[in-house]
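Protein chains: 2
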Amino acid sequence: MIPRDHPRYHSLRTRERLARCAKKGIVTLEGLTAHGRGEAFDYLIGERTTDSALLAERTAAALLKAAHHPVISVNGNTAALAARGIANLQGASGALVEVNLFHRTKKRVELIERLLEDAGAEVFSGEAERLLPLSHDRAWCRRDGMFSADVVLVPLEDGDRCEALVSMGKTVIAVDLNPLSRTARTATLTIVDEVTRALPNIKSACNELSKKERDRLIDSFDNNYLLSDAIREMTARLSHALD
Amino acid sequence: MIPRDHPRYHSLRTRERLARCAKKGIVTLEGLTAHGRGEAFDYLIGERTTDSALLAERTAAALLKAAHHPVISVNGNTAALAARGIANLQGASGALVEVNLFHRTKKRVELIERLLEDAGAEVFSGEAERLLPLSHDRAWCRRDGMFSADVVLVPLEDGDRCEALVSMGKTVIAVDLNPLSRTARTATLTIVDEVTRALPNIKSACNELSKKERDRLIDSFDNNYLLSDAIREMTARLSHALD
């Protein structure tokens, strides 16, 4: 048991949760390493939602609400960390929720779908086909799901898949704590925030934004600014340690 | 199989290696997350040995060579990543090699000792006792090993243990890619470098340094400078992305 007053209580509990999910086969061993990378960048951003990240989250809500066919793509880490957050965002945004895995097995897909359903999500699980321009298992998706989407929210995505979706003309919203990653630089809109903080903020904005505010956010967003501001936050925090 | 021309070939191969070691029980699931954190900071430092890290490595060699009873403390991640590097450094420095684990089981200790021995290290594995001022399993060590050491090299150590060793009056040399971590800030000397790059550099310096150069390095080192310089490198790399 981790004592509640441990300075890293939240982070250690999250790690334990991921380790449990890894034992069940929901999270892969590579997923644990990826989580560690995220932790480091989250540490640099102060483990909080910055102003520019909140702006990105409100813009994400605007894009999802204005979409004709929005899809939330869920992988193992996202399901393990934020199944409830996905379910709530689905309720507020009306998006399809679809499981898409890099390390794809039938059993893993089912485990993750069940985890999402237990958290209250309605999972779109039609017949998967190899539809994305990618060589590996991430090419699989569903014709009436991700393949037909105009706006896709991909929390914790890999760079190849993000590029493939953008090349298909989709609006891709990524959640990625590393503002230098290929995913972050390729996505249409990048939210540099931790996924369990980002999803509730997007959900709230879905409920709050007027049509006029949505249009204004969509017309004015600048992903270069959002990435630059995240980098500036990290640089400032590192520099502060020099004082 | 990862294609050799993949931009992240080395990093992906290392992750595969750790995942294999996790399946065998050498590396813990928490160890995989810790590796991910290291990867993020290594990325920020440019995945290379900086000038100040090389200075730290040469100073580490000087401290090990000047010690009466130097010990290299090895955990699961270090053994998985750098068993050969540990064996070679032992040859050059004459240090004892002792296995010390946060998640300690007899089976894990034996697996790691065997891995080190297969790589050519001579492992000190006398009777372990609960000798360090710590509440968890990391308190275990050996009376004639770590407990009696004057200089301890702890690659990839946790903050509590580093503090305990320093409080016992030991000279603690840490290898830690996060210059802001408690370990990095507590250690007597901190090497901000990736462990498979750091160990061969320390080994070479053990063989090369004259007595005079060793004395000069020991007399002149400034850990605040070493940490500050690592932070400056990371800040510069982040800022560069803004150009």
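If you read the sequences in order, they're chains B and D. Residues in the first sequence are numbered from -8 upward in steps of one, following my numbering. Residues in the second sequence are numbered from -8 upward in steps of one, following my numbering. For every residue, glycine included, the Cβ atom is placed at its ideal position computed from N, Cα and C.
(message) Taking the beta carbon of His127(D) as the centre, do at least 16 other beta carbons fall within 10 Å, making it buried, or is it exposed?
(response) The residue labelled residue 127(D) in the question sits at position 136 within the second sequence. So His127(D) counts as exposed.
(request) Could you spell out where the alpha helix (DSSP H) holding Glu104(D) opens and where it closes? (result) Position 113 of the second sequence, counting from 1, holds the residue named residue 104(D). Per DSSP, Glu104(D) belongs to the alpha helix (DSSP H) from 97 to 109.
(request) May I ask you to report which of helix, strand or coil DSSP gives Arg134(B)? (result) Taking the first residue of the first sequence as position 1, residue 134(B) is located at position 143. Note: Arg134(B) maps to coil in three-state DSSP.
(request) Alpha carbon to alpha carbon, how far is Pro191(D) from Asp42(D)? Give it in angstroms, no decimals. (result) Taking the second sequence and counting its residues from 1, the one referred to as residue 42(D) is at position 51. Taking the second sequence and counting its residues from 1, the one referred to as residue 191(D) is at position 200. Roughly 15 angstroms between the two C-alpha positions.
(message) Looking at the secondary structure, which residues open and close the beta strand (DSSP E) in which Thr187(D) lies?
(response) The sequence position of residue 187(D) within the second sequence is 196, counting from 1. First-last for Thr187(D): 186 to 199, but that is the alpha helix (DSSP H), not the beta strand (DSSP E).
(message) For Ala119(B), report the span of its beta strand (DSSP E) as first-last.
(response) For the purposes of this step, residue 119(B) is identified with residue 128 of the first sequence, where counting begins at 1. That run of the beta strand (DSSP E) goes 119 to 121.
(request) Whole angstroms is fine: what's the gap from Gly117(B)'s alpha carbon to Val88(B)'s? (result) The count along the first sequence starts at 1 and reaches residue 117(B) at position 126. The count along the first sequence starts at 1 and reaches residue 88(B) at position 97. Cα to Cα, the separation comes out at about 11 angstroms.
(request) Using a Cβ cut-off of 8 angstroms, pull out every chain B residue sitting near His26(D), in sequence order please. (result) On the second sequence, position 35 is the one that residue 26(D) refers to. Thr24, Gly27, listed in chain order.
(request) Return no unless some Cβ of chain D is closer than 8 angstroms to the Cβ of Ala31(B). (result) The residue labelled residue 31(B) in the question sits at position 40 within the first sequence. For Ala31(B), the answer is yes, since a Cβ of chain D falls inside 8 angstroms of its Cβ.
(request) Please compile the residues from chain D whose C-beta is within a distance smaller than 7 angstroms of the C-beta of Thr174(B). (result) In the first sequence, residue 174(B) corresponds to position 183, counting from 1. Residues of chain D passing the Cβ test: none, with the nearest at roughly 13 angstroms.
(message) Output needed in chain order: residues of the region 157 to 188 of chain B with a Cβ under 8 angstroms from some Cβ in chain D.
(response) Asn169, Pro170, Leu171
(message) Beta-carbon within less than 6 angstroms of Ala221(B)'s beta-carbon, same chain only, minus the 5 sequence neighbours each way: which residues are those?
(response) By 1-based counting over the first sequence, the position of residue 221(B) is 230. These residues qualify, in order along the chain: Pro170, Val183.
(request) Taking Arg6(D) as the query, report the chain B residues whose CB atoms sit under 7 angstroms from its CB, ordered along the chain. (result) Numbered from its first residue, the second sequence carries residue 6(D) at position 15. Per Cβ cutoff of 7 angstroms: Glu21, Thr24.
(request) Tell me whether the beta-carbon of Ala51(D) lies closer than 8 angstroms to the beta-carbon of Leu144(D). (result) One-based indexing of the second sequence puts residue 51(D) at position 60. One-based indexing of the second sequence puts residue 144(D) at position 153. For Ala51(D) and Leu144(D), yes; Cβs fall inside 8 angstroms.
(request) State the Cα-Cα distance for the pair Ala119(D) and Pro146(B), rounded to the nearest angstrom. (result) In the second sequence, the residue the question calls residue 119(D) occupies position 128. In the first sequence, the residue the question calls residue 146(B) occupies position 155. Cα to Cα, the separation comes out at about 46 angstroms.
(message) Taking CB distances under 8 angstroms as the criterion, tell me whether Leu10(B) reaches chain D.
(response) Counted from its first residue, the first sequence places residue 10(B) at position 19. It is Ala, not Leu, that sits at residue 10(B) in the sequence shown. Cβ-Cβ to chain D under 8 angstroms: yes for Ala10(B).
(message) Residues of chain B with CB closer than 8 angstroms to the CB of Ile222(D), please, in chain order.
(response) In the second sequence, the residue the question calls residue 222(D) occupies position 231. Chain B residues near Ile222(D): Leu229, Ser230, Ala232, Leu233.
(request) Please name the residue in Glu38(B), Leu168(B), Ala44(B), Ala58(B) whose C-alpha comes closest to that of Thr141(B). (result) As a working note, residue 141(B) is residue 150 in the first sequence. Per the sequence presented here, residue 141(B) reads as Asp, with Thr not at that position. Looking at the Cα atoms, Ala58(B) is the closest of the given residues.
(message) If I measure Cβ to Cβ from Leu235(D) and keep anything under 8 angstroms in the same chain, skipping five residues before and after, which residues do I get?
(response) With chain D covering -8 to 234 only, the question about residue 235(D) has no answer from this structure.
(request) Please report how far the alpha carbon of Gly160(D) lies from the alpha carbon of Ser211(D), in whole angstroms. (result) Numbered from 1 along the second sequence, position 169 holds the residue referred to as residue 160(D). Numbered from 1 along the second sequence, position 220 holds the residue referred to as residue 211(D). Looking at the two C-alpha atoms, the distance is approximately 20 angstroms.
(request) Would you check if there are 3 or more beta carbon pairs closer than 8 angstroms linking the region 27 to 34 of chain D to the region 101 to 116 of chain D? (result) no
(request) Give every residue of the same chain whose Cβ lies closer than 8 angstroms to the Cβ of Val157(B), excluding the five residues on either side of it in the sequence, and list them in chain order. (result) Sequence index remark: in the first sequence, residue 157(B) carries index 166 (1-based). Closer than 8 angstroms at the Cβ level, and outside the excluded window around Val157(B), lie Val163, Thr177, Ala178, Thr179.
(request) Give the DSSP-derived three-state secondary structure of Thr162(D) in the structure shown. (result) Taking the first residue of the second sequence as position 1, residue 162(D) is located at position 171. Looking at Thr162(D) - three-state DSSP - the assignment turns out to be strand.
(request) Whole angstroms is fine: what's the gap from Arg8(D)'s alpha carbon to Leu72(D)'s? (result) As a working mapping, residue 8(D) is identified with position 17 in the second sequence. As a working mapping, residue 72(D) is identified with position 81 in the second sequence. Spanning the two alpha carbons is a distance of roughly 8 angstroms.
(message) What does the Cβ neighbour count give for Glu224(B), buried or exposed, with the cut at 16 atoms within 10 Å?
(response) The sequence position of residue 224(B) within the first sequence is 233, counting from 1. The residue is buried, with at least 16 neighbouring Cβ atoms inside 10 Å.
(message) If the criterion is Cβ atoms closer than 8 angstroms, does the pair Ser64(D) and Cys197(D) meet it?
(response) Here residue 64(D) corresponds to residue number 73 of the second sequence, with the count starting at 1. Here residue 197(D) corresponds to residue number 206 of the second sequence, with the count starting at 1. No, they are not a contact pair.
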